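If you read the sequence shown in numbering that gives the first Met the number 0, its first letter stands for residue 0, the second for the next number, and so on. Cβ atoms here follow ideal geometry from the backbone N, Cα and C, with glycine treated the same way. Since we're looking at a predicted model, the values are computed, not measured.
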Amino acid sequence: MGEVVVADADLATLGFSTAHSDRYVYSNYFVPVQLTFDDGETPLLPFYVKQALIEAMRYGGLSHDRLPHLLKELGLSGLWKANDMDAAEAALPGQDSGMTNREPPARRQSLLGDQEAEFVAGLLQSDVGIAFLDRTRIRPVGFALGEHVYALALAPGEEAVLEQRTYTKRELTLEEQDETEKQTDVELTSALTTELQEGFERQKSLTDTWGLNASHTGQYTSPTGVWGTFNASHTIGYTRSVTAASQETSRRAVKDSQTATSKVAARYRTQHKTDFKLVSETGMESTSKRTVRNPNRVTPITLHYFKVLQRLELAHERYGARVCWAPTVKDPALAFAKKITDGRQRIRDNALAALPTMPVKPVPPAPGVPAAVETRTIYSPVVTLDKWGFTGDMSADYDIDVAFDSGWEWDGDIETIRQNLTLITRRPPSGIAARVVGVPVVTDANGQPALRVRIHVGAASWLAGPGADVQLAATFRRTPTLVAENADDAAYNALVAGYLTDLQDWQDKRDAALVAAEEAADEFEARLRGGFSPVNEMVSQIVEAHFPASVRDEAWEIEFWHRVFDWERASFVSYPGWWSAGDARAPERDPSDFLNASWAKLYLPVRAGMELAALRWIFGKAVATRLAPAVEQQLAAFVDELGAFRTSHLGTGDEMPDLTSECQEVPERIYCLAKWAELMPTDGTHLEVVQGATTAADAVTSKEITDAEALRAALLDGELQTNRLKTKAYDQMTGAADVDIHLGTSGNSSPTA
């Protein structure tokens, strides 16, 4: 037999209360900070800046005797001594012999004269700063009536079928088409373009990428991730106070966010339209149609429709402040391009190695008998590369001539030239590369025919690095002449015919193998480009440049670097390729694309609580040891200032919750910079009813209405009289009586009693 079980549910769990539905858009702002000694003027120099300054004096034409005057001109007379540059100069290895093979970089000359002071000031710029972690809170707070969209007048008793259609104009960009997740989100959203968060994120991305007006300014940032990218444009040169940096970025952050939201909201309100159509009813009512009726018999009404707008409250909040290291890299895609070049060449080599042995030409039977075409390989002279940049880098083209004798001609095989292109240098293969550009041409060089080959050489920065030479080779064949065949030697002719047949077969196989190799190389390059991450490429180059193998060959060292730097938040900005010479690696892409970029800056934030360890590494390349007391004092003071700022604005000095009791509720630690409001369109409309100012009744209808009103008044008066007679008769009755009382009318008879 069944048993009834009643759930004992707490009624409080079934209740509802209001709650905010907040969305966030994240952004970051970077301000460089100049760390100085006690005098407040002399900057602390990182180890790599010291090295660059010393190498500029050794190899860059900067005079050691003139440097004190330049520092005095910049107001930094005590810089050399305060940073102990004498010890750094003694510790740096001596002059590299490779620098003697080429001319030192040219000085910065201009119509104003020598610009060495400007060069020194550029070297002393700070790469350390404060990254402020911001977010914009989007909170729906209610609704508001928008503009008037339609007025519908209805006569008394009139019905109308109203079809309401709401649509929004959408603008799809290539970025949205490439991101499947965003497309899916748009398709599942009922109000396609009324979601401010999506438009705001896109507008912030355009602002950070192409400037405040979304116009091309020659800069490209990393794709927007969960935490946003770093924005360092439109900022002051540097600051010496965390508070000043916060004030400067606060104004700029609020202005950028408010400008972006205003643009998005105004564009959405403009593009959002509502259409109303009056259609004839066909007997089958669609769910998109509404039937409206005037319930009044004689009074017309007017229906006014207004748009219903969503009221949003936006607040720009600061939830973190981090020390950030922003080193730069020249030609950031060099290593990635070399991976592609080496991979393609490896595929070609493997394809050629898998071919059968090339047929051997038959030996002529006797002197005077015509033989097969004669070939020879000719090498070019060794050419010294001399188009170096100031920092020991290169991105330049060279024309190399391979002279040959008359009566010979180039066989047209570019692949042989590519295989015999050799760089002679002590630089590692990952730091320099060369490739053939275009098609070689035959020209005249000093009265002798020569094959001119253009090559492009790219080299990473290596201040005072070794030089390099290049040499290549090409295959030539004797120009064929008309000779008589030796009809008597049928055996040799048969050998030649067989050799030519075998050679043609081998060449067909070679060509097919090379075509397949090119297709495989294209697939290989497509896979590399598909998995290419500019941020990861930048991080790997920074690790290669500033973290030598000796400090990352142990597991504890790798763990230490991951605890110090927040690699997941790393971001970058690249600058167009027109700042450097040479052809673009990807001409179909924007000049500011990472593959074509001339320079790139990586923003690498430091985890909260690890600031002192990071600063020791940046300024002194120290992991476990302390730096000089004067340097340690300034670094500690900077970290304390940052901790005080966090405490006053975010509640704690390390951005972590302060837990003092069991199961403590953790409050949200943010600092609100500014608030503003925006109105966003919705798919709803609001209806206002207005009574008509005139009636729709004619003379006959008006007479009928008047008579009906008089008859109604008479009936009401008769009912009142009847009630009074009933009351009076009841009051006169003193006992039982058999009385019939008839009140009112019955046909044409008069009232009787």
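Proximity to V441 across S405, T421, W461 peaks at S405, based on C-alpha coordinates. A straight line joining the alpha-carbon of Y729 with that of R723 spans about 10 Å.
Taking C-beta separations shorter than 7 Å and ignoring five residues to either side along the sequence, the partners of G652 in its chain run G642, R645, T646, following chain order. Assigned with DSSP and collapsed to three states, H685 falls in strand.
In this model, G319 and R22 are separated by some 18 Å (Cα to Cα). In this structure, DSSP gives K337 a helical state, which the three-state scheme calls helix. In terms of Cβ geometry, W577 and R477 do not form a close pair [threshold 8 Å]. For the pair R345 and H648, the CB atoms are not nearer than the 8 Å cut-off. Non-local beta-carbon contacts of S660 in its own chain, meaning distances under 8 Å to residues more than five positions away in sequence, are absent. Taking the Cα positions, K360 is about 18 Å away from K508. No Cβ-Cβ contact shorter than 8 Å links M655 with L601.
With 16 or more other CB atoms across the displayed protein chains lying within 10 angstroms of its CB, K49 is buried.
Ranked by Cα distance from D565, the options S76, W324, R134 are led by W324.
Around the beta carbon of D330, 16 or more other beta carbons lie within 10 angstroms, which makes this residue buried. For Q720, the enclosing alpha helix (DSSP H) starts and ends at 698 to 731. By the CB criterion at 8 Å, K337 and G145 fall outside the cutoff. Of the other Cβ atoms in all chains shown, fewer than 16 fall within 10 Å of the Cβ of N349; this residue is therefore exposed. Taking a C-beta distance under 8 Å as the contact criterion, R134 and V241 do not qualify as a contact pair. T390 is positioned such that its CB atom lies no closer than 8 Å to that of A599. Look at K306 here: in three-state DSSP terms it is strand.
In the DSSP assignment, D133 falls within the beta strand (DSSP E) that extends over 127 to 153. The residue from G388, L132, S16 with its alpha-carbon nearest to that of S26 is L132. H561 and W461 have their C-alpha atoms spaced approximately 27 Å apart. Relative to the Cα of I454, the nearest Cα in the group P439, G466, Q447, L313 belongs to P439.
Going by beta carbons, P31 and G128 fall inside the 8 Å limit. In this structure the stretch 461 to 476 touches the stretch 411 to 422; the number of beta carbon pairs closer than 8 Å is three or more. Contact between R426 and P465 holds: CB atoms are separated by about 6 Å, below the 8 Å threshold.
If you ignore the 5 residues before and after E54, its C-beta comes within less than 6 Å of the C-beta of L462, A463, all in its own chain and listed in chain order. Fully enclosed beta strand (DSSP E) runs of no fewer than 3 residues occupy 431 to 435, 440 to 444 of the stretch 424 to 457, in order along the chain.
DSSP, read as helix, strand or coil, puts T646 in helix. Beta-bridge annotation (DSSP): S579 is not paired with any residue. Secondary structure of S405 (DSSP, three-state): coil. Sixteen is the threshold: since fewer than 16 other Cβ atoms of the shown chains lie within 10 Å of the Cβ of D341, the residue is exposed. For H315, the number of other beta carbons within 10 angstroms of its own is at least 16, and it is reported as buried. Judged by beta-carbon spacing, A334 lies beyond the 8 Å limit of T415, meaning their Cβ atoms are not closer than that value. DSSP, reduced to helix, strand and coil, places T390 outside both helices and strands of the structure shown, so it counts as coil.
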